[in-house]
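A.B. asks:
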C-alpha cells in the first residue's frame, strides 16, 4: 500500500515554490522533528532526518496532489528516509519478535517495579531514571517495531494511518505494535526504578 | 509483510476461565490479545471472557496492568523541542542542498 501522492503532469519546477515550501516547513518542522527524535533517539540524528525529509519534500512538493494529508505524506517521507539512513549507518540486522519470548517465566516478571502509585503519568515521568529506562527500552526495539510504537502510541495516529505510512495493512501494524509494547514492558519489568520525587522539586527535562 | 500471525487470532471458541499454568494454554492465548483488549478492539464476548479470566488469574491481571502502564508511559513521554535557531539553520541547510543539485 502506498500513500496517494502519485506524479501528475504538468508539474511545477521546485524553484517556483519557495512560499509553498516555507509554509510546509513552518507548519510541520516541529511535528517531524518530534517524530524523528522518537525514531532516532538523539538530537543530531533527528536533525539529519528532518533535513533529509524536507529536502525530499521540497523536491516532491510539485508532485504532491493532496490526496493524503500533508502530515501523512511527511511522516511517510521521514519513515523511508529513516530506514535508509539507519541501514547506511549501522547495517543492523532486523530480527523478528515472537510472542513466545514475552511469556513471563518467573513471578518477578509480571509487574513493573515503577513508582507510579498516586502519580499522573506526567509526574511519574519526571523521574529521570524512569525516563531513561523507557528511552533505552524503545531504543532497543528493532526499527520496524519501534516505528509502529512511535506512530501509534506516541504520535497518536490510527492503525490505518500508521499502515499508510509504513506500507502495511492494519493487521500488520497491530501485530508489530503489540510486540513492541510487550518488548518495552519486558525491558521495564527487568529494571527496578527507585522512587525519586523529582516532580516535587521542579522536575527534569532531557 | 509480516509472516507471523497477527495479534487477534481467528479462533474465538476458547475460554480463559479454566485452570491453567502460566506460559501455556489460555494465558498464552490471552497474551496474543492484550493490545487489542487494551485498545478496545475486541468483540464484547471476548472481552467478557478475558475479564472473567482476569478475575481468576492474579498473574494475568498484574501482567495486563503492567502493559497498560507501559502504554501510558509511552503516550505521555514528553517530546523534544527545537530551538528557533535550529529551525532557521535547518531551513537554510535544506534550501542550500536543494539549490546545490
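Chains as they are written, first to last, in my numbering: chain A, 1 to 206; chain B, 1 to 101.
Every residue gets a Cβ at the ideal spot worked out from N, C-alpha and C, and that includes glycine.
1) Would you mind working out which of A/148, A/179, A/75, A/167 sits nearest residue 101 of chain A, comparing C-alpha positions?
2) Looking at chain B, is there any beta carbon in it that lies within less than 7 Å of the beta carbon of residue 178 of chain A?
3) By the 8 Å beta-carbon criterion, what residues does the stretch 63 to 75 of chain B contribute toward chain A?
4) Between the alpha carbons of residue 114 of chain A and residue 48 of chain A, how many angstroms are there, rounded?
5) Which residue comes first and which comes last in the alpha helix (DSSP H) that contains residue 50 of chain A?
6) Is it buried or exposed for residue 88 of chain B, if we count other Cβ within 10 angstroms and need 16 for buried?
7) Let me know if residue 172 of chain A comes out buried or exposed under the rule of 16 or more other beta-carbons within 10 Å of its beta-carbon.
8) When the Cα atoms are used, what is the spatial distance from residue 75 of chain A to residue 165 of chain A?
9) Helix, strand or coil for residue 113 of chain A? Go by DSSP, reduced to three states.
10) Any contact between the stretch 29 to 40 of chain B and the stretch 54 to 68 of chain B? By contact I mean 3 or more CB pairs, one from each, below 8 Å.
11) Just the C-alpha distance for residue 66 of chain A and residue 60 of chain A, rounded to the nearest angstrom, thanks.
12) Taking the Cβ atom as the reference point for each residue, do residue 32 of chain A and residue 50 of chain A lie within a distance shorter than 7 Å?
13) What does residue 192 of chain A pair with, by DSSP beta-bridge criteria?
14) Examine chain A for any beta-carbon lying closer than 7 Å to the beta-carbon of residue 82 of chain B, and answer yes or no.
15) Taking a contact to mean a Cβ-Cβ separation below 7 Å, would you say residue 184 of chain A touches residue 137 of chain A in this structure?
16) Any heavy atom of the ligand FAD closer than 6 Å to the Cβ of residue 91 of chain B?
17) In the DSSP assignment, find the alpha helix (DSSP H) that holds residue 60 of chain B and state where it starts and stops.
18) So which residues on chain A does residue 94 of chain B lean against when the C-beta distance must stay under 7 Å?
19) Helix, strand or coil: which one does DSSP assign to residue 133 of chain A?
20) By a C-beta neighbour count over all protein chains shown, 10 Å radius and 16 as the cutoff for buried, is residue 108 of chain A buried or exposed?
21) Mark residue 44 of chain A as exposed unless 16 or more other C-beta atoms lie within 10 angstroms of its C-beta, in which case mark it buried.
22) At least one CB of chain A closer than 7 Å to the CB of residue 100 of chain B: is that the case?
23) Does any CB atom of chain B fall closer than 7 Å to the CB of residue 121 of chain A?
24) Can you name the start and end residues of the alpha helix (DSSP H) that residue 147 of chain A belongs to?
25) Less than 7 Å between the C-beta atoms of residue 91 of chain B and residue 25 of chain A, yes or no?
26) Would you verify that the beta carbon of residue 33 of chain A is, or is not, closer than 7 Å to some beta carbon of chain B?
C.D. replies: According to the structure shown:
1) As a first step, residue 101 of chain A must be located in the first chain, where it is residue number 101. Per the Cα distances, A/179.
2) If you number the first chain from 1, residue 178 of chain A lands on position 178. At least one chain B Cβ lies under 7 Å of residue 178 of chain A.
3) Taking 8 Å as the upper bound on Cβ-Cβ separation, chain A lies near residues 63, 65, 66, 67, 69, 70, 71, 72, 73, 74, 75 of the stretch 63 to 75 of chain B.
4) Within the first chain, the letter at position 114 stands for residue 114 of chain A. Within the first chain, the letter at position 48 stands for residue 48 of chain A. Computed Cα separation, rounded: 34 Å.
5) For the purposes of this step, residue 50 of chain A is taken as the residue at position 50 of the first chain. Counting along the chain, the alpha helix (DSSP H) containing residue 50 of chain A begins and ends at 43 to 60.
6) The sequence position of residue 88 of chain B within the second chain is 88, counting from 1. Label assigned to residue 88 of chain B: exposed.
7) Translated into the one-based positions of the first chain, residue 172 of chain A becomes position 172. By the Cβ neighbour-count rule, residue 172 of chain A is buried, with 16 or more other Cβ atoms within 10 Å of its own.
8) Translated into positions along the first chain, residue 75 of chain A becomes position 75. Translated into positions along the first chain, residue 165 of chain A becomes position 165. Each residue's Cα considered, the two are about 6 Å apart.
9) The count along the first chain starts at 1 and reaches residue 113 of chain A at position 113. The three-state secondary structure of residue 113 of chain A, taken from DSSP, is strand.
10) Here the stretch 29 to 40 of chain B makes contact with the stretch 54 to 68 of chain B; the two share three or more CB pairs at distances below 8 Å.
11) The residue labelled residue 66 of chain A in the question sits at position 66 within the first chain. The residue labelled residue 60 of chain A in the question sits at position 60 within the first chain. Spanning the two alpha carbons is a distance of roughly 12 Å.
12) Stepping through the first chain from its first residue, residue 32 of chain A is reached at position 32. Stepping through the first chain from its first residue, residue 50 of chain A is reached at position 50. Closer than 7 Å, so yes.
13) Position 192 of the first chain holds residue 192 of chain A. Paired residue(s): A/113.
14) As a working note, residue 82 of chain B is residue 82 in the second chain. Residue 82 of chain B counts as touching chain A.
15) Here residue 184 of chain A refers to the residue found at position 184 when the first chain is read from its first residue. Here residue 137 of chain A refers to the residue found at position 137 when the first chain is read from its first residue. Yes, Cβ-Cβ distance for residue 184 of chain A and residue 137 of chain A is below 7 Å.
16) The ligand FAD is absent from the structure shown, which contains no ligand whatsoever.
17) Within the second chain, the letter at position 60 stands for residue 60 of chain B. Where residue 60 of chain B is concerned, the enclosing alpha helix (DSSP H) stretches over 58 to 76.
18) If you number the second chain from 1, residue 94 of chain B lands on position 94. 51, 54, 55, 58, listed in chain order.
19) Along the first chain, one-based indexing puts residue 133 of chain A at 133. DSSP places residue 133 of chain A in helix when its eight states are reduced to three.
20) The sequence position of residue 108 of chain A within the first chain is 108, counting from 1. By the C-beta density criterion, residue 108 of chain A is exposed, having fewer than 16 other C-beta atoms within 10 angstroms.
21) Position 44 of the first chain, counted from the first residue, corresponds to residue 44 of chain A. Classification for residue 44 of chain A: exposed.
22) Within the second chain, numbered from 1, the residue matching residue 100 of chain B stands at position 100. It does not; no Cβ of chain A falls within 7 Å.
23) Position 121 of the first chain holds residue 121 of chain A. True, the Cβ-Cβ gap to chain B drops below 7 Å.
24) One-based indexing of the first chain puts residue 147 of chain A at position 147. Residues 143 to 149.
25) Stepping through the second chain from its first residue, residue 91 of chain B is reached at position 91. Stepping through the first chain from its first residue, residue 25 of chain A is reached at position 25. Closer than 7 Å, so yes.
26) Residue 33 of chain A sits at position 33 when you count from the first residue of the first chain. So yes, residue 33 of chain A belongs to the interface.
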